[in-house]
Amino acid sequence: MDAWQVLHITDFHINAPNASGEHLRTKYYKEYLQPLAEQVLRKSSDPLDLLVITGDFVDRGLVDNFDHASTVVDYLASQLNISTDNIVVCNGNHDIVRAEEEVGNFDAARQAYKAFARNFANKNAIQENKRAALCKLADGLSCLMIDATLVVDSTTVKPAQDTPGDLTEEEADDLMEWIKPLPKEEVLIIGSHFPVHDLMVRNAPFDEDEPDWAKRHVWQRGALLRERLHRWRARPHIVWLCGDIHKSVNIVHDGHCFISTGRLGTRTDRYDSQIPRQARLIQIPKDGDTPKSLLIEYKPVGHYSQAQIGDWESKGEAFTLAQTIREEQEIAIVKLPEIITGSANDQARPSAQTVSGLAAAVLSSDTAHAETLATTESFSEMPVELIDGNLQQEIIKTITDLRLYHFGRFTTSQSEVSLSWVSIGPLLKKEILSQVISHMAKSLRKLVGSEEDNKMEKTVLIGFDCWGAVLASQLSVLTGARNFCVAMRAEGKHSVSAETVSEEVLNYIKGCDTVVLVSDVVASGRSLRSLYKSVKDGLGDSEAERLRWFALSIICDRVQPRRVDCSFLTNHSIACVDLRMPVLPYDALPEESVLPPIISFQ
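By the count of this note's numbering, the sequence shown reaches residue 618 at its end, each step adding exactly one.
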């Protein structure tokens with residue numbers, strides 16, 4: 017066995033185990049966790065060596081729920097074929113009795129958690145004090161589980177509810193004395209509930225409108241131990257695991273790994289796509305190479321996510337490399353959000369080439385290559401019309417409020433890569449779907465000319481993929497135009513026969529004079545062109561060119577250059593045109609082995 021197999025989970029937040037509304041409730045947790053265990057066992061190359069759980073087992077200090085938390089962990093361990101002696105835990109801010117904590121009774125506040133922790137490997141700690149427990153799991157593998165909530169000296173630091181604790185110099189000295197005797201080649205996993213590095217909490221999902229968010233969620237004093245460990249041992253034999261922020265993060269900084277995994281539990285009435293439930297399988301090479309991880313995420317089923325009906329899905333994951341000496345990359349990361357949304361003044365907007373070039377510079381740290389991209393030739397632009405200014409403002413506000421805009425590598429075709437992704441499902445939950453359909457129907461009537469009764473009868477709506485099909489079907493009901501659904505993502509390679517440009521579709525188009533392509537997000541325009549080409553191939557050039565072609569979309573960046581010819585469109589009406597959605601040629605980014613996609617449809 018060349019690598020340690022470690023599973024990280026966190027944040028159960030068990031509130032009412034005998035009530036409904038929680039994944040980990042008494043009558044549901046087995047149904048929820050068994051498929052997760054099956055995924056882990058399928059994806060792990062060897063048996064699990066360790067399960068690390070980083071706190072918030074119970075919710076809001078309801079320590080009577082530790083009994084159920086123990087039952088849940090025992091069940092998961094049995095499904096993973098791992099002994100409880102190979103499970104280590106640390107407490108979170110919800111795992112302490114708040115009334116005792118507020119009056120300075122720190123030991124009493126943690127008494128229930130300490131009893132719970134003794135069900136696991138923590139009871140076999142080779143070193144232990146109020147702050148931490150050092151556990152030797154096997155030759156070459158140790159774990160330091162830290163209480164990042166503890167305030168040692170309340171005379172100098174006043175404890176505040178749900179905030180990170182302190183860490184004195186004396187405590188850091190003691191922890192270093194525990195760690196220094198460990199062999200240099202030994203893997204050390206450090207678990208703390210709160211993140212120990214500022215890099216881990218950028219763009220966390222619930223920090224809006226809270227000016228002291230970082231103070232409440234970053235264990236700033238933990239940097240004292242982090243920096244001392246870095247100077248003592250820089251190679252990535254040290255892996256920090258945390259919870260709290262309900263966010264997936266995987267960073268290598270100055271030779272150490274910093275990993276956060278999303279919550280496992282909490283209530284089901286939350287925005288699942290934004291704060292997903294996750295587990296992470298980590299392979300830590302024994303030769304000191306950088307750990308690899310596999311993120312396993314619970315995906316609710318349906319257009320309107322049914323939180324308690326879903327599947328655990330796994331996806332490969334790359335770490336983000338960050339070095340404090342790379343100043344040009346740090347500057348680019350800070351400046352990039354300024355160009356995600358443009359000014360209302362077109363002349364104040366950066367060009368699409370500038371957006372793409374700067375994004376490439378961030379990802380590749382290659383300034384010369386970014387300058388080359390910035391001077392790339394312009395591509396064909398499609399005719400763009402904003403449907404309604406107020407609707408656009410509402411869409412951008414909702415995307416901002418719900419943090420639906422994601423930046424990364426999203427491979428949607430063999431030739432282009434989108435650097436952004438918008439979660440359409442949660443966007444359309446916020447009463448925007450009805451507004452979009454209403455405004456699109458008005459635009460459609462205006463484009464087609466509905467004053468002549470037979471115009472809609474000569475119009476066909478073609479909805480692209482899931483949300484395009486939803487929009488097209490609703491527009492069909494409102495306008496009377498016939499609609500079809502065609503799968504275009506990844507050029508339709510994942511579609512079934514009913515979702516293709518079939519003979520039925522072609523025959524219907526032949527009797528029409530207007531074709532309207534309906535989609536959620538248009539990035540490169542390749543799907544629009546591909547559909548047009550399919551019709552040309554099926555009906556012939558003259559027949560396709562006889563038709564009027566329109567498009568309706570929710571989002572399409574109007575300054576983004578199109579790398580395909582969309583001049584066949586007479587009009588493209590869009591609900592939101594001022595959200596920057598940069599797209600790059602596939603070969604402008606590193607190979608996927610270096611920078612894997614967050615989502616790929618290839």
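All C-beta atoms in this analysis are idealised placements derived from N, C-alpha and C, irrespective of residue type, glycine included.
Please check the pair residue i and residue j, which I expect to be a contact at CB under 8 Å, by giving their CB distance rounded to whole angstroms.
{"i": "Val580", "j": "Ser540", "result": "6 Å"}
{"i": "His213", "j": "Gly259", "result": "At roughly 14 Å, the Cβ-Cβ gap does not stay under 8 Å, so His213 and Gly259 are not in contact."}
{"i": "Gly484", "j": "Asp536", "result": "6 Å"}
{"i": "Glu202", "j": "Gly156", "result": "5 Å"}
{"i": "Val400", "j": "Ala591", "result": "Their Cβ separation, rounded to whole angstroms, is 12 Å, which puts Val400 and Ala591 out of contact at 8 Å."}
{"i": "Ser569", "j": "Val538", "result": "5 Å"}
{"i": "Met192", "j": "Arg244", "result": "6 Å"}
{"i": "Gly120", "j": "Cys159", "result": "Not really, about 29 Å apart at Cβ, beyond 8 Å."}
{"i": "Ala125", "j": "Leu96", "result": "Not a contact, Cβ separation roughly 31 Å."}
So the candidates are the options; which of them puts its Cα closest to the Cα of residue i?
{"i": "Trp256", "options": "Lys130, Pro211 and Leu64", "result": "Pro211"}
{"i": "Lys474", "options": "Glu47, Leu460, Ala488 and Cys528", "result": "Cys528"}
{"i": "Gln127", "options": "Cys159, Tyr48, Val79 and Gly441", "result": "Val79"}
{"i": "Asp472", "options": "Val531, Ser569, Arg279 and Trp20", "result": "Sequence check: residue 472 is Met here, not Asp. Out of Val531, Ser569, Arg279 and Trp20, Val531 has the C-alpha closest to the C-alpha of Met472."}
{"i": "Leu611", "options": "Lys308, Met504 and Val464", "result": "Lys308"}
{"i": "Leu215", "options": "Arg232, Thr179, Val265 and Asp182", "result": "Val265"}
{"i": "Glu313", "options": "Lys331, Glu144 and Gln324", "result": "Lys331"}
{"i": "Tyr167", "options": "Cys159, Met161, Thr179 and Ser158", "result": "Residue identity differs from the one stated: residue 167 is Val in this sequence, not Tyr. Ranking Cys159, Met161, Thr179 and Ser158 by Cα distance to Val167 puts Thr179 first."}
{"i": "His57", "options": "Leu297, Pro197 and Asp573", "result": "The sequence as given places Leu at residue 57; His does not occur at that position. The option with the nearest alpha carbon to Leu57 is Leu297."}
{"i": "Ile411", "options": "Ile448, Gln236 and Asp303", "result": "Ile448"}
{"i": "Arg147", "options": "Cys106, Gly120 and Val593", "result": "Cys106"}
{"i": "Trp194", "options": "Lys200, Ile571 and Leu150", "result": "Leu150"}
{"i": "Cys273", "options": "Ser589, His262 and Asp305", "result": "Asp305"}
{"i": "Pro33", "options": "Thr282, Arg542 and Asp303", "result": "Thr282"}
{"i": "His233", "options": "Gln50, Ala164, His253 and Gly465", "result": "Ala164"}
{"i": "Leu487", "options": "Leu533, Pro442 and Lys526", "result": "Leu533"}
{"i": "Gly77", "options": "Asn31, Leu563, Val538 and Gly120", "result": "Asn31"}
{"i": "Asn406", "options": "Arg578, Ser86 and Val593", "result": "Val593"}
{"i": "Ser439", "options": "Met597, Ala295 and Lys200", "result": "Met597"}
{"i": "His253", "options": "Lys263, Val551 and Val268", "result": "Val268"}
{"i": "Ala567", "options": "Glu559, Phe500, Ile478 and Glu520", "result": "Ile478"}
{"i": "Asp603", "options": "Phe73, Gln236, Ser431 and Val88", "result": "Ser431"}
{"i": "Asp270", "options": "Arg293, Arg242 and Lys263", "result": "Arg242"}
{"i": "Asn587", "options": "Leu544, Lys552, Gln408 and Leu555", "result": "Leu544"}
{"i": "Phe426", "options": "Ala230, Ile205 and Val599", "result": "Val599"}
{"i": "Glu520", "options": "Lys263, Val551 and Leu563", "result": "Val551"}
Distance check for residue j and residue i, CA to CA, integer angstroms please.
{"i": "Leu494", "j": "Leu402", "result": "21 Å"}
{"i": "Phe480", "j": "Ile300", "result": "42 Å"}
{"i": "His29", "j": "Asn138", "result": "21 Å"}
{"i": "Ile103", "j": "Asp83", "result": "16 Å"}
{"i": "Tyr524", "j": "Glu561", "result": "16 Å"}
{"i": "Ala131", "j": "Asp123", "result": "12 Å"}
{"i": "Arg498", "j": "Ser492", "result": "6 Å"}
{"i": "Leu240", "j": "Ala35", "result": "42 Å"}
{"i": "Asn109", "j": "Asp18", "result": "36 Å"}
{"i": "Met161", "j": "Ala133", "result": "11 Å"}
{"i": "Lys445", "j": "Gly37", "result": "20 Å"}
{"i": "Lys549", "j": "Ser518", "result": "13 Å"}
{"i": "Asn140", "j": "Thr100", "result": "11 Å"}
{"i": "Leu435", "j": "Pro606", "result": "13 Å"}
{"i": "Lys152", "j": "Leu198", "result": "10 Å"}
{"i": "Thr516", "j": "Asp75", "result": "49 Å"}
{"i": "Ile112", "j": "Asp190", "result": "24 Å"}
{"i": "Phe136", "j": "Leu92", "result": "13 Å"}
{"i": "Leu49", "j": "Ser589", "result": "45 Å"}
{"i": "Ile614", "j": "Glu118", "result": "42 Å"}
{"i": "Asp362", "j": "Asp62", "result": "Caution applies to Asp362, whose pLDDT of 38 falls short of 50 and renders its modelled position unreliable; the value that the coordinates give is listed next. Looking at the two C-alpha atoms, the distance is approximately 56 Å."}
{"i": "Arg542", "j": "Thr184", "result": "58 Å"}
{"i": "Asp327", "j": "Ser60", "result": "18 Å"}
{"i": "His246", "j": "Tyr129", "result": "30 Å"}
{"i": "Ala85", "j": "Lys46", "result": "13 Å"}
{"i": "Leu443", "j": "Asp303", "result": "45 Å"}
{"i": "Ala376", "j": "Leu595", "result": "With a pLDDT of 38 at Ala376, under the threshold of 50, the predicted position of this residue should be treated as unreliable, and no value is reported."}
{"i": "His39", "j": "Gln143", "result": "35 Å"}
So is the beta-carbon of residue i under 6 Å away from any non-hydrogen atom of the ligand MN?
{"i": "Leu611", "result": "As for the ligand MN, it is missing from this structure, which has no ligand bound."}
Give a yes or no on contact between the segment 18-27 and the segment 62-73, applying the rule of three or more CB pairs nearer than 8 Å.
yes
Three CB pairs or more closer than 8 Å across the segment 451-460 and the segment 419-426:
no
Counting beta carbon pairs with one atom in the segment 268-280 and one in the segment 26-46, are three or more of them shorter than 8 Å?
yes
Would you list, in sequence order, the uninterrupted alpha helix (DSSP H) runs of no fewer than 4 residues that lie entirely inside the segment 33-101?
45-59 and 82-96
Could you tell me which whole beta strand (DSSP E) segments of length 3 or greater appear in the segment 455-504?
475-480 and 498-502
What are the start and end residues of each continuous beta strand (DSSP E) run of 3 or more residues lying completely inside the segment 393-447, in chain order?
400-402, 421-427 and 432-438
Can you give, in chain order, each stretch of the alpha helix (DSSP H) that sits fully within the segment 263-294 and has at least 4 residues?
none
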